[in-house]
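Engineer: Input: one structure, supplied below.
Number of protein chains: 2
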Amino acid sequence: MDLHILDHRLRVTCISKSGLQRYTHPLIKLIFLRNRTRCKFFSLTETPENYTVVLDEEGFKELQASEHLQVEGSTWLPLNVVSNGNTSSSSQAAGVTKITKSVIAPLAEQHVSVFMLSTYQTDFILVRDQQPRHLQHALHRTLVEEFSIFREERGEFLPVHSQDACDGSQRNGRDAAHATVHPVLVPENQFCVMSLDPETLPAIATTLIDVLFYSSSFKEDASADPERIKFFSFPADLLFTSSSGELWRMVRIGGQPLGFDECGIVAQISQPLAESDISAYYISTFSFDHALVPEEDIESVSEMLQTQRKDIST
Amino acid sequence: MDLHILDHRLRVTCISKSGLQRYTHPLIKLIFLRNRTRCKFFSLTETPENYTVVLDEEGFKELQASEHLQVEGSTWLPLNVVSNGNTSSSSQAAGVTKITKSVIAPLAEQHVSVFMLSTYQTDFILVRDQQPRHLQHALHRTLVEEFSIFREERGEFLPVHSQDACDGSQRNGRDAAHATVHPVLVPENQFCVMSLDPETLPAIATTLIDVLFYSSSFKEDASADPERIKFFSFPADLLFTSSSGELWRMVRIGGQPLGFDECGIVAQISQPLAESDISAYYISTFSFDHALVPEEDIESVSEMLQTQRKDIST
Chain P
1 MDLHILDHRL
11 RVTCISKSGL
21 QRYTHPLIKL
31 IFLRNRTRCK
41 FFSLTETPEN
51 YTVVLDEEGF
61 KELQASEHLQ
71 VEGSTWLPLN
81 VVSNGNTSSS
91 SQAAGVTKIT
101 KSVIAPLAEQ
111 HVSVFMLSTY
121 QTDFILVRDQ
131 QPRHLQHALH
141 RTLVEEFSIF
151 REERGEFLPV
161 HSQDACDGSQ
171 RNGRDAAHAT
181 VHPVLVPENQ
191 FCVMSLDPET
201 LPAIATTLID
211 VLFYSSSFKE
221 DASADPERIK
231 FFSFPADLLF
241 TSSSGELWRM
251 VRIGGQPLGF
261 DECGIVAQIS
271 QPLAESDISA
281 YYISTFSFDH
291 ALVPEEDIES
301 VSEMLQTQRK
311 DIST
Chain L
1 MDLHILDHRL
11 RVTCISKSGL
21 QRYTHPLIKL
31 IFLRNRTRCK
41 FFSLTETPEN
51 YTVVLDEEGF
61 KELQASEHLQ
71 VEGSTWLPLN
81 VVSNGNTSSS
91 SQAAGVTKIT
101 KSVIAPLAEQ
111 HVSVFMLSTY
121 QTDFILVRDQ
131 QPRHLQHALH
141 RTLVEEFSIF
151 REERGEFLPV
161 HSQDACDGSQ
171 RNGRDAAHAT
181 VHPVLVPENQ
191 FCVMSLDPET
201 LPAIATTLID
211 VLFYSSSFKE
221 DASADPERIK
231 FFSFPADLLF
241 TSSSGELWRM
251 VRIGGQPLGF
261 DECGIVAQIS
271 QPLAESDISA
281 YYISTFSFDH
291 ALVPEEDIES
301 VSEMLQTQRK
311 DIST
């Protein structure tokens, strides 16, 4: 398999529910009027808490600072696993499950905190751009066992040699082996995962604008109904797809907002899923992480994660 | 002909160029998401100076007060001429020309200031809701000679009798007979007048959003090029139409902003046009008035208005 280090320097930001009106103008530009902006990477995820917007530095320029905008301090690089035909993975499961053993687990072992953005087509693994050199090397040595590593430069993918090192790691004080096991919430509603040809975007613009900007009142109490969660994730280039009409259920990870420094959170969830070969999309947001699993697997996943909590707490 | 007094109480407002971002959220709702609002009358006109938004009181609630929003103090009622088959007008010309003799001139004679909003389908004549009772009667007596007058109430049109009186007049200090002749500007660019089936609105939403909210920088100097004027008028229900692909030229009326109190301005422009049977759309905005005339008539119209200025100033 190939590991691509994409040519984007990303910022992770958060718009409060009450700030959405103020940011409607730049967000509509970033989502629907792509040729008005030089932004090449954009993702927006609505959760009951807030809106998480991940975007490159060109896109970030569109967002004026205000009390409604929080910005994580680092720049992040997206990594992307590309299976080149003769895949070494034996798993048929989709999403993060497929890359758990090869990427997620090694990153956790190297104490690299990751921010995951799954789409139907691919899973973006965001890692911090700046990290100590010795960790770059350790990380590179780990990943190079599984992958040919390429770095995107001006649209071309150039092979990365060991001394160039793969970016992406920041040692965290907390050891992955003794990671906190976070409480999980399993809301009752079902989710669709679907994709759109970017060409059809104009045709459904008013519907998407309605859902994104007008379907919830910001006065809504986020904690009103923990059984149902409003969740809408929208990457502009690579939209979700559903070939089969199947429905998905969510596991939300975290009782308190997770922050950005802890490593091993994705691995904690994706490893048991990978062992059972259960497909999963994994979407990090500013406050919490979210895994989507097939509806028929939600009970076993729920049980699995409960058992894991007990195992670690005893 | 019938004169309908429509069941809308309208506000005339103005958003500054630099305030557009702030009002993008409510404006997109009012234009594209009609079932999210109870607003039934909406018109937006962009000029180099600002955005004029005319809307009913339900729509007005959507616009939060700010230093970027100016609101004219009165409530306005829209009048609408409906030709019921056996039209008494001998004119084949479209727009305001058709109603000059029957409505525009009598209103000017009664010293009623009007705010015009032409669309392809119809011409809305906005008059102030509150006016002295003796003027109501005078106005009614004048209009009743030409029209059967109906007032819309809960979707039905009820005949208006003389003692009920037609609303709409406010005597102005300045006499129509001695009205100021305002300087006119004839920009060089051509204009399209077109209509859209409301059903096709979603299909062109991104294009319209682009034109409305992203095509001009608010740093643009409004006076930069008086030869060309950016002008975009958008009523949500009754959109412009062009059956023939013909192009239109503009006459902008006013050197200084016209205000809302002077009467006879529309009559001053539309009377010579009516005499020559030249079609015209007439669109008032917060600062200036605008007449659109067929491209082939612009020179004679220009000349006509020059002669008129000289006649009055001598």
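For the record, the sequence lines run as chains P and L. Residue numbering for the first sequence follows full-length UniProt numbering, starting at 1 and increasing by one per position. Residue numbering for the second sequence follows full-length UniProt numbering, starting at 1 and increasing by one per position. We put the CB at the ideal spot given by N, CA and C, even for glycine. Note that the coordinates shown come from a computational prediction; the quantities given were computed from them, not determined experimentally.
Over what stretch of residues does the alpha helix (DSSP H) that includes L:V70 continue unbroken?
Structural biologist: What you label residue 70 of chain L is simply residue 70 of the second sequence in a count that begins at 1. A quick correction: the sequence has Gln, not Val, at residue 70 of chain L. That residue, L:Q70, is in no alpha helix (DSSP H); its beta strand (DSSP E) goes L69 to V71.
Engineer: Could you please give the first and the last residue of the uninterrupted beta strand (DSSP E) stretch that includes P:E46?
Structural biologist: Translated into the one-based positions of the first sequence, residue 46 of chain P becomes position 46. F42 to E46 is the span of the beta strand (DSSP E), which, as asked, contains P:E46.
Engineer: So within the region 246–288 of chain P, which uninterrupted alpha helix (DSSP H) runs reach at least 4 residues, ignoring any that extend past its ends?
Structural biologist: 265–275, all fully within the region 246–288 of chain P.
Engineer: Can you confirm whether L:Q21, when its beta carbon is compared against all beta carbons of chain P, has any partner nearer than 9 angstroms?
Structural biologist: The residue you call residue 21 of chain L lines up with position 21 of the second sequence. Chain P contact via Cβ: present.
Engineer: From the DSSP output, which residues share a beta bridge with L:I149?
Structural biologist: The sequence position of residue 149 of chain L within the second sequence is 149, counting from 1. Answer is L:L3.
Engineer: Using a Cβ-Cβ distance under 9 angstroms, would L:P26 count as near chain P?
Structural biologist: Numbered from its first residue, the second sequence carries residue 26 of chain L at position 26. Interface residue, yes.
Engineer: Relative to the alpha-carbon of P:Y282, which residue among P:R151, P:G95 and P:L33 has its alpha-carbon at the smallest distance?
Structural biologist: The sequence position of residue 282 of chain P within the first sequence is 282, counting from 1. Cα-wise, what sits closest to P:Y282 is P:G95.
Engineer: Decide if the region 112–132 of chain P is in contact with the region 283–290 of chain P; the criterion is three or more beta carbon pairs, one per stretch, under 8 angstroms apart.
Structural biologist: Touching, yes.
Engineer: At what residues does the alpha helix (DSSP H) containing L:L107 begin and finish?
Structural biologist: For the purposes of this step, residue 107 of chain L is taken as residue 107 along the second sequence, with counting starting at 1. Counting along the chain, the alpha helix (DSSP H) containing L:L107 begins and ends at A105 to E109.
Engineer: Taking just the CA atoms, how far does P:Q70 sit from P:I104?
Structural biologist: As a position in the first sequence, residue 104 of chain P is number 104, starting the count at 1. As a position in the first sequence, residue 70 of chain P is number 70, starting the count at 1. Their backbone Cα atoms lie some 27 angstroms apart in a straight line.
Engineer: Along the region 30–47 of chain P, what residues have a CB closer than 8 angstroms to any CB found in chain L?
Structural biologist: So the close ones are F32, L33 and R36.
Engineer: Mapping DSSP to helix, strand and coil, what is P:T307?
Structural biologist: What you label residue 307 of chain P is simply residue 307 of the first sequence in a count that begins at 1. If DSSP states are grouped into helix, strand and coil, P:T307 belongs with the helices.
Engineer: Which bits of chain L does P:I278 rub up against, with CB to CB less than 7 angstroms?
Structural biologist: Here the question's residue 278 of chain P lines up with position 278 in the first sequence. Residues of chain L passing the Cβ test: none, with the nearest at roughly 38 angstroms.
Engineer: 9 angstroms is my cut-off, CB to CB: does L:A65 come that close to chain P?
Structural biologist: To locate residue 65 of chain L, count along the second sequence from 1; it is residue 65. Not one chain P Cβ lies under 9 angstroms of L:A65.
Engineer: Can you pull the DSSP bridge partners for L:E156?
Structural biologist: Counted from its first residue, the second sequence places residue 156 of chain L at position 156. In the DSSP output, where bridge partners are listed per residue, L:E156 has L:E153.
Engineer: Under 6 angstroms Cβ to Cβ from L:N35, same chain only, skipping five residues before and after it: list those, please.
Structural biologist: Within the second sequence, numbered from 1, the residue matching residue 35 of chain L stands at position 35. Nothing meets the Cβ criterion.
Engineer: Apart from the five residues just before and just after L:L239, which ones in its own chain have a Cβ nearer than 6 angstroms to its Cβ?
Structural biologist: Against the second sequence, residue 239 of chain L aligns to sequence position 239. Caution applies to L:L239, whose pLDDT of 41 falls short of 50 and renders its modelled position unreliable; the model cannot decide the point.
Engineer: Would you report the Cα separation of P:P48 and P:F60, rounded to the nearest angstrom?
Structural biologist: To locate residue 48 of chain P, count along the first sequence from 1; it is residue 48. To locate residue 60 of chain P, count along the first sequence from 1; it is residue 60. Their backbone Cα atoms lie some 23 angstroms apart in a straight line.
Engineer: Would you grab the beta carbon distance between L:I253 and L:V184 for me? Rounded to a whole angstrom, and I think it's under 8 angstroms.
Structural biologist: Taking the second sequence and counting its residues from 1, one reaches residue 253 of chain L at position 253. Taking the second sequence and counting its residues from 1, one reaches residue 184 of chain L at position 184. Sure, about 6 angstroms apart at Cβ, within 8 angstroms.
Engineer: Using the beta-carbon of each residue, which ones in chain P are nearer than 7 angstroms to L:F213?
Structural biologist: Locating residue 213 of chain L in the second sequence gives position 213, counting from the first residue. Going along chain P in sequence order, the residues near L:F213 (Cβ under 7 angstroms) are H25.
Engineer: In terms of residue numbering, what span does the beta strand (DSSP E) encompassing P:Y51 cover?
Structural biologist: Taking the first residue of the first sequence as position 1, residue 51 of chain P is located at position 51. Run containing P:Y51: N50 to D56, per the beta strand (DSSP E) assignment.
Engineer: Going by the CB atoms, is the gap between P:F157 and P:D2 shorter than 9 angstroms?
Structural biologist: Locating residue 2 of chain P in the first sequence gives position 2, counting from the first residue. Locating residue 157 of chain P in the first sequence gives position 157, counting from the first residue. Yes, these two residues count as a Cβ contact at 9 angstroms.
Engineer: In angstroms, rounded to a whole number, what distance separates the CA positions of P:L258 and P:S74?
Structural biologist: Numbered from 1 along the first sequence, position 258 holds the residue referred to as residue 258 of chain P. Numbered from 1 along the first sequence, position 74 holds the residue referred to as residue 74 of chain P. For P:L258 and P:S74, the distance between alpha carbons rounds to 16 angstroms.
Engineer: Show which residues of chain P have a CB atom less than 9 angstroms away from the CB atom of L:T13.
Structural biologist: Position 13 of the second sequence, counted from the first residue, corresponds to residue 13 of chain L. In chain order: nothing, as chain P lies at least about 18 angstroms away.
Engineer: State the DSSP-derived secondary structure class of L:H182, mapped to helix, strand or coil.
Structural biologist: Here residue 182 of chain L corresponds to residue number 182 of the second sequence, with the count starting at 1. Coil, per DSSP.
Engineer: Quick one: is P:C263 buried, meaning 16 or more other Cβ sit within 10 Å of its Cβ, or exposed?
Structural biologist: The residue you call residue 263 of chain P lines up with position 263 of the first sequence. Classification for P:C263: buried.
Engineer: If we define contact as Cβ-Cβ less than 9 angstroms, is P:T207 a contact residue for chain L?
Structural biologist: The count along the first sequence starts at 1 and reaches residue 207 of chain P at position 207. So yes, P:T207 belongs to the interface.
Engineer: Would you mind stating whether L:I209 and L:I5 have Cβ atoms separated by less than 9 angstroms?
Structural biologist: Looking up residue 209 of chain L in the second sequence gives position 209. Looking up residue 5 of chain L in the second sequence gives position 5. Cβ distance not < 9 angstroms, so L:I209 and L:I5 don't count as in contact.
Engineer: If we cut at 9 angstroms on Cβ distances, does L:L201 have a partner in chain P?
Structural biologist: Along the second sequence, read from residue 1 onward, the residue named residue 201 of chain L stands at position 201. Cβ-Cβ to chain P under 9 angstroms: yes for L:L201.
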